[in-house]
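Encoded as structure tokens, the structure appears first; notes follow it.
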Amino acid sequence: MSRYPLPMRDGVAPSYLYLPEGDWPDMISFLVERFPDVPEAAWRDRMARREVVDGDGQPLQPSSRFKRGLRIFYYRELDAPETPIPFKEEILHMDEHLVVVDKPHFLPMTPGGRFLHETLLVRLKKTLGEADLTPIHRLDRETAGVVIFSRNAASRGTYQSMFQKRVIVKEYEALAPRLVDVQYPFTYRSRMVDGDKFFIMKEEAGEPNSETLIEVIEQRGELTLYRLFPHTGRKHQLRLHLSSLGIPIVNDAFYPVALPCKQDDVSQPLQLLARAISFIDPLSGEWREFRSRRSL
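Numbering (the UniProt record's numbering), first residue to last: 1 to 296.
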């Protein structure tokens with residue numbers, strides 16, 4: 001039973017928001033100001049289709065009274081057609097509580113920006129028909145590999161707490177230049193903070209807040225295939241750590257220099273793979289391990 005007053009539509013669950021403090025004469029005035037990129041005519045069309053509703057499922061009209069704290073639901077729509085992402089996810093495991101997926105490169109986890117239907121979450125909802133499916137953790141759009149979703153709201157918090165408590169063993173692989181004069185395995189630590197651009201991170205002096213164990217799997221000519229164990233989960237941690245060591249991951253468009261935004265070159269994926277996730281199941285007490293079937 002969905003918790004939403006609007007049904008899932010083509011894999012897309014409705015978005016929602018709580019009306020904030022403020023004084024708007026009616027609902028359409030608020031929506032136009034809150035979402036300046038969405039034309040007023042588009043909101044009026046959605047309302048005419050009865051696709052903007054309150055928490056009880058009652059359709060809202062342009063003239064409906066603005067009421068602070070009211071929860072409203074609507075479907076997110078894109079102005080332009082999405083470019084199909086030509087790679088498919090693979091479901092590795094599914095049980096009463098979890099769906100474990102092998103994510104391809106280039107596929108975003110969740111809707112945002114120019115991505116809606118071409119996201120892992122919407123694809124899975126469409127495939128499984130489960131509106132309440134929720135990712136327990138995230139992978140960058142550019143990164144491939146194992147990621148876990150919750151399909152049971154009652155146990156979701158229990159599994160999410162594993163990541164918060166850092167009792168998950170996460171194993172990655174990365175292809176990058178060879179790092180010489182280092183005794184493997186070794187641990188790299190640094191203090192990571194938000195970068196000058198909103199989408200990247202940087203390092204600064206101070207108490208380390210990020211830690212990665214680095215091992216070598218094999219040499220591939222001038223490149224090395226590394227095994228990485230992040231002991232913390234900072235945004236872009238592995239990408240920044242290897243870049244800071246002078247060995248940026250092959251095909252990384254963000255580190256060490258963020259390149260201008262351009263169309264994806266699907267022939268050159270970031271050479272970073274979430275190879276495996278392992279943990280003691282908090283419900284059964286059993287050791288569980290899920291491994292990607294992809295390779296770099």
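Glycine residues also receive a C-beta, built at the ideal position from the N, C-alpha and C atoms.
Residue i - DSSP class collapsed to helix/strand/coil
| i | result |
| --- | --- |
| Lys125 | helix |
| Ser244 | helix |
| His268 | For the sequence presented, residue 268 should be read as Gln rather than His. In the structure shown, Gln268 sits in coil (DSSP, three-state: anything other than H, G, I, E or B). |
| Gln237 | helix |
| Leu120 | helix |
| Ala253 | coil |
| Ile136 | coil |
| Lys103 | strand |
| Glu51 | coil |
| Gln219 | strand |
| Leu228 | strand |
| Gly57 | coil |
| Tyr74 | strand |
| Met1 | Bear in mind that the predicted position of Met1 carries a pLDDT of just 42, short of 50, making it unreliable; the figure below should be weighed with that in mind. In the structure shown, Met1 sits in coil (DSSP, three-state: anything other than H, G, I, E or B). |
| Leu259 | coil |
| Ala80 | coil |
| Leu213 | strand |
CB of residue i within 9 angstroms of CB of residue j, strictly
| i | j | result |
| --- | --- | --- |
| His93 | Phe290 | yes |
| Leu78 | Leu116 | yes |
| Gly233 | His105 | no |
| Val99 | Arg156 | no |
| Ser244 | Ser284 | no |
| Asp196 | Arg3 | no |
| Arg114 | Glu82 | yes |
| Pro86 | Val266 | yes |
| Leu175 | Tyr226 | yes |
| Tyr188 | Glu211 | yes |
| Met27 | Pro5 | no |
| Gln219 | Arg275 | no |
| Gly55 | Leu31 | no |
| Arg68 | Leu19 | yes |
Residue of the options minimising C-alpha distance to residue i
| i | options | result |
| --- | --- | --- |
| Phe149 | His241, Asp102, Ile85 | Asp102 |
| Leu273 | Pro282, Trp287, Asn251, Leu283 | Asn251 |
| Phe163 | Gln268, His231, Gln237, Arg65 | His231 |
| Asp10 | Val180, Ala205, Val32, Arg76 | Arg76 |
| Glu170 | Gln237, Leu296, Leu120 | The sequence shown places Lys at residue 170, rather than the Glu named in the question. It is Gln237. |
| Val257 | Ile217, Gly221, Leu70, Lys202 | Lys202 |
| Arg50 | Asp281, Lys67, Tyr74, Tyr18 | Tyr74 |
| Val146 | Arg178, Lys126, Leu120, Leu128 | Leu120 |
| Leu259 | Glu222, Ser292, Ile200, Glu204 | Ile200 |
| Pro185 | Asp281, Leu213, Val167 | Leu213 |
| Phe198 | Glu21, Lys235, Asp281, Pro25 | Lys235 |
Environment of residue i [buried if 16+ CB atoms lie within 10 Å]
| i | result |
| --- | --- |
| Tyr172 | buried |
| Pro7 | exposed |
| Trp43 | buried |
| Ile247 | buried |
| Pro14 | buried |
| Met1 | Annotation note: pLDDT 42 at Met1 (below 50); position unreliable, coordinate value reported separately. That one is exposed. |
| Ile277 | buried |
| Phe254 | buried |
| Arg141 | buried |
| Ala144 | buried |
| Arg65 | exposed |
| Ala58 | Ala is not the amino acid found at residue 58; the sequence shown has Gln there. By the neighbour-count rule (16 or more Cβ atoms within 10 Å), Gln58 is not buried but exposed. |
| Thr224 | buried |
| Leu17 | exposed |
Quick one: complete beta strand (DSSP E) runs, 3+ long, within the region 141–210?
The DSSP assignment places complete beta strand (DSSP E) segments of no fewer than 3 residues inside the region 141–210 at 144–150, 169–177, 186–194, 201–204, in order along the chain.
List in chain order: all unbroken alpha helix (DSSP H) runs of 4+ residues lying wholly within the region 17–49.
At a cut-off of 4 residues, the continuous stretches assigned as alpha helix (DSSP H) that sit fully inside the region 17–49 are 27–34, 40–48.
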